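Visitor: Numbered according to our numbering, the sequence shown terminates at residue 417, and the numbering increases by one at each position without gaps.
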Amino acid sequence: MRVGALFLMLMLMEAGIAGAYTVTVDGDPSDWPSELDIQNSGISPGESGYVNGVWVFQDLSGDLNQYGDDNPGYDIKYFMITFDDTYAFFLMVLNSPAVFDSPDSPLVIIALGNEQYQGGKNVFDPAIYVGSDSQWSTGSQVQTSKVWQREIVVNLSRISGNSIVSGSNAAFWVYNSVSEGNVNSSNDLAAVNYDNGVVELRVRRDELYLQPGSGVSSFYPYALIANRTWYGTEWYRQYYYLAMDVMSNVTTDDEMGDGKIDYSPAVDVSQVPFFGGDLSRAALVVLLVVGAVLLFGRR
């Protein structure tokens, strides 16, 4: 009995030491699974899976769509999601760095939907149209096959140099497609590192319908990065893509062949907890106390 209790305590202590941390949003991806971790997990390009409490998608390499100019920096390498008790964390890693702080810089868009909540949109906001010289329908908006309720937008043209910005401003916001308004707060953070092609985000879970106790067991994300330009006047502009890469198990050209993004894999909420939030630490303490009672209590 005592040997078993001691073994239980040691395992719990090891788990607590190994996993009692959370993501620091600073543009440094070292808090997340490494490339070696992903390789060892067996996740191949075009596939997703779970690595150490993180949902990981490995995108295809060189699958972005371009209109003329060479934009190698707009190629997603990895997209990751995890939670603690309060926040959802997102990481987008690009295959190569790119210069983003210019008027035609891209948007990073992450749209989240789930089956438990009704309503939403299947076109992105701000509305962006496909290029006039593309093989897609001229002037049509990019759509998603399912509706989504929340959209996280990072406007990289508003972020100059390696920076960390708070939410609810022109550079970084969370959009509610049901009530059609922004819902994020200054507690949300976006970190951009142009040197290593990283966009790292922190968003409150309750802003995404994903707070503990919400009843949401899974959700489906859409993710893309798109370079853009515009035509029109100061009062009426339409933005269209110069280069775009979407999270998909096929190339962006194939994914967008019908003008829609169909790929939206399910993320199991129970599989993406960092073992570092208050609730997790409290559970660990309770289990350690039980182990101590079993170890040192009377037979």
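All residues carry an ideal CB built from backbone N, CA and C; glycine is no exception. The structure displayed is predicted, hence computed values, not measured ones.
Any idea what DSSP makes of SER263, helix, strand or coil?
Guide: Locating residue 263 in the sequence shown gives position 145, counting from the first residue. Residue state, collapsed to three classes: strand.
Visitor: Am I right that LEU326 and ARG268 are in contact with their C-beta atoms under 8 Å? What's the rounded C-beta distance?
Guide: Position 208 of the sequence shown, counted from the start, is the residue given in the question as residue 326. Position 150 of the sequence shown, counted from the start, is the residue given in the question as residue 268. The Cβ separation is near 5 Å, so the contact holds.
Visitor: Flag this pair as touching only if the stretch 288-305 and the stretch 228-239 have three or more C-beta atom pairs under 8 Å; answer yes or no.
Guide: yes
Visitor: CB-CB under 6 Å to SER366, same chain, minus the five flanking residues each way: which ones, in chain order?
Guide: Locating residue 366 in the sequence shown gives position 248, counting from the first residue. So the list reads GLU373, TYR381, once near-sequence residues are dropped.
Visitor: Figure out for me which residue from SER148, VAL172, SER297, GLY180 has the closest Cα to the Cα of PRO163.
Guide: On the sequence shown, residue 163 is found 45 positions in, with the first residue counted as 1. It is GLY180 whose Cα lies nearest to the Cα of PRO163.
Visitor: Can you tell me whether DSSP reads ASP313 as helix, strand or coil?
Guide: In the sequence shown, counting from the first residue as 1, residue 313 sits at position 195. The answer is coil: DSSP assigns ASP313 none of H, G, I, E or B.
Visitor: Is it buried or exposed, PRO151, if we count other Cβ atoms within 10 angstroms and call 16 or more buried?
Guide: Your numbering for residue 151 matches position 33 in the sequence shown. Buried, since its Cβ has 16 or more Cβ neighbours within 10 Å.
Visitor: Measure the Cβ-Cβ separation of VAL234 and GLY333 and say whether it is below 8 Å.
Guide: What you label residue 234 is simply residue 116 of the sequence shown in a count that begins at 1. What you label residue 333 is simply residue 215 of the sequence shown in a count that begins at 1. One detail in the question is off: residue 234 reads as Gln in this sequence, not Val. Result yes, Cβ atoms of GLN234 and GLY333 sit closer than 8 Å.
Visitor: What number of angstroms, rounded off, separates the C-alpha of ILE194 from the C-alpha of VAL317?
Guide: In the sequence shown, counting from the first residue as 1, residue 194 sits at position 76. In the sequence shown, counting from the first residue as 1, residue 317 sits at position 199. So the alpha carbons of these two residues sit roughly 11 Å apart.
Visitor: Mark ALA289 as exposed unless 16 or more other C-beta atoms lie within 10 angstroms of its C-beta, in which case mark it buried.
Guide: Within the sequence shown, residue 289 is the residue found at index 171, counting from 1. ALA289 should be labelled buried.
Visitor: Between ASP177 and ASN314, what straight-line distance do the alpha-carbon atoms span, to the nearest angstrom?
Guide: As a first step, residue 177 must be located in the sequence shown, where it is residue number 59. As a first step, residue 314 must be located in the sequence shown, where it is residue number 196. Pairing ASP177 with ASN314, the inter-Cα distance amounts to about 17 Å.
Visitor: State the Cα-Cα distance for the pair GLY160 and SER148, rounded to the nearest angstrom.
Guide: Here residue 160 refers to the residue found at position 42 when the sequence shown is read from its first residue. Here residue 148 refers to the residue found at position 30 when the sequence shown is read from its first residue. Rounded to the nearest angstrom, the two C-alpha atoms are 20 Å apart.
Visitor: First and last residue of the beta strand (DSSP E) that includes ASN302?
Guide: On the sequence shown, position 184 is the one that residue 302 refers to. That residue, ASN302, is in no beta strand (DSSP E); it is neither H nor E in DSSP.
Visitor: Pull up the DSSP beta-bridge partners for LYS378, would you.
Guide: Working through the sequence shown from its first residue, we reach residue 378 at position 260. LYS378 has GLN261 as its beta-bridge partners, per DSSP.
Visitor: Would TRP173 pass as a contact of ILE156 if the rule is Cβ separation under 8 Å?
Guide: Start at 1 with the first residue of the sequence shown, and residue 173 comes out as number 55. Start at 1 with the first residue of the sequence shown, and residue 156 comes out as number 38. Contact flag unset, no.
Visitor: Do you know whose CA, among GLY285, PHE175, LYS378, lies nearest GLU153's CA?
Guide: Counting from one through the sequence shown, the residue named residue 153 turns up at place 35. Measuring from the Cα of GLU153, the nearest candidate turns out to be PHE175.
Visitor: One question on the structure: do THR142 and ARG322 come within less than 8 Å of each other, judged by their Cβ atoms?
Guide: Here the question's residue 142 lines up with position 24 in the sequence shown. Here the question's residue 322 lines up with position 204 in the sequence shown. Between THR142 and ARG322, the gap from beta carbon to beta carbon reaches 8 Å or more.
Visitor: Cutting at 6 Å between CB atoms, please list the residues of its own chain near THR262, excluding the five before and the five after it.
Guide: By one-based count along the sequence shown, residue 262 stands at place 144. So the qualifying residues of the chain are ASN240, TYR340, ILE379.
Visitor: To the nearest angstrom, how far is the alpha carbon of VAL310 from that of VAL272?
Guide: Taking the first residue of the sequence shown as 1, we reach residue 310 at position 192. Taking the first residue of the sequence shown as 1, we reach residue 272 at position 154. Answer to the nearest angstrom: the Cα atoms are 10 Å apart.
Visitor: Looking at the unbroken beta strand (DSSP E) that takes in GLU325, where does it start and where does it end?
Guide: On the sequence shown, residue 325 is found 207 positions in, with the first residue counted as 1. Looking at the DSSP string, GLU325 is not in any beta strand (DSSP E), and its letter there is neither H nor E.
Visitor: How far does the alpha helix (DSSP H) with LEU154 in it extend, from its first residue to its last?
Guide: The count along the sequence shown starts at 1 and reaches residue 154 at position 36. Its alpha helix (DSSP H) spans residues 153-159.
Visitor: Ordered along the chain, which non-local residues of its own chain (more than five positions away) have a Cβ less than 6 Å from that of ASP363?
Guide: For this step, residue 363 is matched to residue 245 along the sequence shown. So the qualifying residues of the chain are LEU182, TYR192, ASP193, ILE194, ILE343, THR370.
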